[in-house]
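Student: Please see the structure below; I have some questions.
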Amino acid sequence: MKDRFLLIFILLLLTQPVCSAEQKIAVLLSDSEAVYQQPLGEFKAKVKQPIEVFNLQGDIQQAPQVLGQVMSSNPSLIVAFGAKAAYFAKAATQNSQQVPVIFAMVLNWERYRLLEGQENLAGINAEVSPGTQLLSMNLLFPDINRLGVIYSKSHSATSVREAKGAAELVGIEISARPIERAKELKQAYRRLAGEVDAIWLPTDPVLYTLENIHWLKRQCVKDRLICIGQSDNVVKLGLLLAVNPDIPSIGGQAAALATQILSLGVKPTQIGVQDPLGTRLTLNAKTASKIGVKLAEDVLILADEVIE
């Protein structure tokens, strides 16, 4: 009888899922930019599986060699940081879709069609959802009733649609002006300035030139308008507010997705693309003073960084 129970016990052990110690994770970086090191460090701290890091060094000519090394490492999962890494990780697994891919730090990820044609990809959005941004703006500046939006249809049409839906929920009216080229931003702004309480710029490469940001900084001060951008850098350059992802926490979120896939058997298609869980509020107190906006103490407490 004891032998029979021993045999059953051994069979049960043999049928258990492969333990995490036998799984390996390949991390693919687009390049060596410091922006990828923070989430990478957080990811390494949160996962238990062995990790091997590969780097495209920003050179697509190296992609075949680097991807060959990635696939030769026989990974159980690939985590790709950056657009190039995500694009090539998808290509590398086209015929090996049993290898799941998690992508992160990819601006405008829809443009790369990362979820099309394959079922092994999931990701984390590189942008805070328009709804979360508008809710944050409404919390900080409840007197904003009319919001002007400048955007390009080629990059931000989806974000603007989402923003309009979210604006209705908080009682904000949106006036949107599309542009095709960076030099058209000034004209779009002038059409909006007399009609709105604030200007919101989505994550859009057509908008964000140094010339445009410096011009907006001066013009918003002159017109006493709140201007909301998408990164700490534009606030440091003079815009009033940015609501953007907390970059290190993206690594922790990617680690949680890796655990779901490797340990719990969750399929990438069940995950899709998640919004970043951590957000970061940056305020420019000097700009606030220039445009006549008083920053209450409870507003300052909510900010992660206040630029004096």
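With mature numbering (1 follows the signal peptide of the UniProt record, and there is no 0) applied, the sequence shown corresponds to residues -20 to -1, 1 to 288, in that order. Yeah, the Cβ is synthetic: ideal placement off N, Cα and C, and Gly gets one too. Predicted, not measured: the structure shown is a model, and the values here were computed from it.
How many whole angstroms separate the CB atoms of residue 228 and residue 102, which I take to be in contact at a CB cut-off of 8 Å?
Tutor: Position 248 of the sequence shown, counted from the first residue, corresponds to residue 228. Position 122 of the sequence shown, counted from the first residue, corresponds to residue 102. So it is not a contact: roughly 20 Å between Cβ atoms.
Student: Return the Cβ separation of residue 7 and residue 59 in integer angstroms, given the expectation that the two are a contact with Cβ distance under 8 Å.
Tutor: Within the sequence shown, residue 7 is the residue found at index 27, counting from 1. Within the sequence shown, residue 59 is the residue found at index 79, counting from 1. Yes, they are in contact, since the Cβ atoms of residue 7 and residue 59 sit about 5 Å apart, within 8 Å.
Student: Within 10 angstroms of the Cβ of residue 70, are there 16 or more other Cβ atoms? Answer buried if so, exposed if not.
Tutor: The count along the sequence shown starts at 1 and reaches residue 70 at position 90. So residue 70 ends up on the buried side.
Student: Under 6 Å Cβ to Cβ from residue 207, same chain only, skipping five residues before and after it: list those, please.
Tutor: Here residue 207 corresponds to residue number 227 of the sequence shown, with the count starting at 1. Cβ within range, chain order: 179, 196, 200, 219, 220.
Student: Do the region 260 to 274 and the region 236 to 243 meet, that is, are 3 or more Cβ pairs less than 8 Å apart?
Tutor: Verdict: no, contact absent.
Student: What does residue 59 pair with, by DSSP beta-bridge criteria?
Tutor: As a first step, residue 59 must be located in the sequence shown, where it is residue number 79. Partner(s): 7, 82.
Student: Note down the Cα distance separating residue -3 from residue 134, rounded to an integer number of angstroms.
Tutor: For this step, residue -3 is matched to residue 18 along the sequence shown. For this step, residue 134 is matched to residue 154 along the sequence shown. Confidence at residue -3 is low in this model, with a pLDDT of 37, below 50, so its placement is unreliable and no value can be given for it.
Student: What do you reckon, are the CB atoms on residue 72 and residue 51 nearer than 7 Å?
Tutor: For the purposes of this step, residue 72 is identified with residue 92 of the sequence shown, where counting begins at 1. For the purposes of this step, residue 51 is identified with residue 71 of the sequence shown, where counting begins at 1. Yes; because the gap between Cβ atoms is below 7 Å, this pair is in contact.
Student: Provide the residue(s) that pair with residue 40 in DSSP beta bridges, ordered along the chain.
Tutor: Here residue 40 is taken as the residue at index 60 of the sequence shown, counted from 1. BP columns for residue 40 are empty, so no partner.
Student: Can you tell me whether residue 176 is helix, strand or coil according to DSSP?
Tutor: Position 196 of the sequence shown holds residue 176. The answer is coil: DSSP assigns residue 176 none of H, G, I, E or B.
Student: Just how far apart, CA to CA, sit residue 155 and residue 175?
Tutor: As a working note, residue 155 is residue 175 in the sequence shown. As a working note, residue 175 is residue 195 in the sequence shown. The straight-line gap from Cα to Cα measures roughly 8 Å.
Student: Where residue 3 and residue 118 are concerned, what is the direct C-alpha to C-alpha distance, given to the nearest angstrom?
Tutor: In the sequence shown, counting from the first residue as 1, residue 3 sits at position 23. In the sequence shown, counting from the first residue as 1, residue 118 sits at position 138. Going by the C-alpha atoms only, they are around 45 Å apart.
Student: Taking the CB atoms as reference points, tell me whether residue 139 and residue 185 lie closer together than 7 Å.
Tutor: Along the sequence shown, one-based indexing puts residue 139 at 159. Along the sequence shown, one-based indexing puts residue 185 at 205. Not in contact: residue 139 and residue 185 (Cβ atoms no closer than 7 Å).
Student: Pull up the distance between the alpha-carbon of residue 276 and that of residue 120, whole angstroms please.
Tutor: By 1-based counting over the sequence shown, the position of residue 276 is 296. By 1-based counting over the sequence shown, the position of residue 120 is 140. Rounded to the nearest angstrom, the two C-alpha atoms are 9 Å apart.
Student: Kindly list the residues whose CB is nearer than 6 Å to the CB of residue 38, restricted to its own chain and excluding five residues on each side of it in sequence; keep chain order.
Tutor: Translated into positions along the sequence shown, residue 38 becomes position 58. So the list reads 11, once near-sequence residues are dropped.
Student: Rounded to the nearest angstrom, what separates residue 141 and residue 131 at their Cα positions?
Tutor: Counting from 1 along the sequence shown, the entry for residue 141 is found at position 161. Counting from 1 along the sequence shown, the entry for residue 131 is found at position 151. Cα-Cα distance, rounded: 11 Å.
Student: Within 10 Å of its beta-carbon, does residue 216 have 16 or more other beta-carbons around it, so buried, or fewer, so exposed?
Tutor: Looking up residue 216 in the sequence shown gives position 236. The residue in question, residue 216, is exposed, as its Cβ has fewer than 16 Cβ neighbours within 10 Å.
Student: Can you tell me where the alpha helix (DSSP H) with residue 142 in it begins and where it stops?
Tutor: Translated into the one-based positions of the sequence shown, residue 142 becomes position 162. Run containing residue 142: 133 to 150, per the alpha helix (DSSP H) assignment.
Student: Using the three-state DSSP reduction, which class does residue 35 fall into: helix, strand or coil?
Tutor: Numbered from 1 along the sequence shown, position 55 holds the residue referred to as residue 35. Residue 35: strand per DSSP, three-state reduction.
Student: In the DSSP assignment, what residue or residues form a beta bridge with residue 263?
Tutor: Taking the first residue of the sequence shown as position 1, residue 263 is located at position 283. DSSP output for residue 263 lists 221, 286 as bridge partner(s).
Student: Here's the rule: buried if 16 or more other CB atoms are within 10 angstroms of the residue's CB, otherwise exposed. What is residue 15?
Tutor: As a first step, residue 15 must be located in the sequence shown, where it is residue number 35. Answer is exposed; the Cβ neighbour count stays below 16.
Student: Looking only at its chain, what residues have a beta carbon closer than 7 Å to the beta carbon of residue 211, apart from the 5 residues adjacent to it on each side?
Tutor: Walking along the sequence shown from the start, residue 211 turns up at place 231. Around residue 211: 222, 224.
Student: Report the CB separation of residue 105 from residue 256 in whole angstroms; it is logged as a contact under 8 Å.
Tutor: Within the sequence shown, numbered from 1, the residue matching residue 105 stands at position 125. Within the sequence shown, numbered from 1, the residue matching residue 256 stands at position 276. Between residue 256 and residue 105 the Cβ distance is about 6 Å, and since that is below 8 Å, they are a contact.
Student: Using CA atoms only, rank isn't needed, just tell me which of 48, 61, 36 is closest to residue 22.
Tutor: Residue 22 sits at position 42 when you count from the first residue of the sequence shown. Considering only alpha carbons, the answer is 61.
Student: Using 8 Å for Cβ pairs, my map puts residue 266 next to residue 285. What's the rounded Cβ distance?
Tutor: Residue mapping note: residue 266 aligns to position 286 of the sequence shown, counting from 1. Residue mapping note: residue 285 aligns to position 305 of the sequence shown, counting from 1. Wrong, their Cβ atoms sit about 13 Å apart, outside the cutoff.
Student: Three-state secondary structure (DSSP) at residue 198?
Tutor: The residue labelled residue 198 in the question sits at position 218 within the sequence shown. In the structure shown, residue 198 sits in a helix (DSSP, three-state: H, G or I).
Student: How many angstroms separate the CA atom of residue 1 from the CA atom of residue 28?
Tutor: For this step, residue 1 is matched to residue 21 along the sequence shown. For this step, residue 28 is matched to residue 48 along the sequence shown. The predicted model places residue 1 with a pLDDT of 47, which falls under 50 and marks its position as unreliable, so this point remains unresolved.
Student: Applying the 10 Å Cβ sphere with the 16-neighbour rule, what's the burial state of residue 192?
Tutor: Indexing the sequence shown from 1 puts residue 192 at position 212. Buried, by the Cβ-count rule.
Student: How far does the beta strand (DSSP E) with residue 156 in it extend, from its first residue to its last?
Tutor: Here residue 156 refers to the residue found at position 176 when the sequence shown is read from its first residue. 153 to 159 is the span of the beta strand (DSSP E), which, as asked, contains residue 156.
Student: I need the DSSP call for residue 124, collapsed to helix, strand or coil.
Tutor: Your numbering for residue 124 matches position 144 in the sequence shown. Of the three classes helix, strand and coil, the one that applies to residue 124 here is coil, per DSSP.
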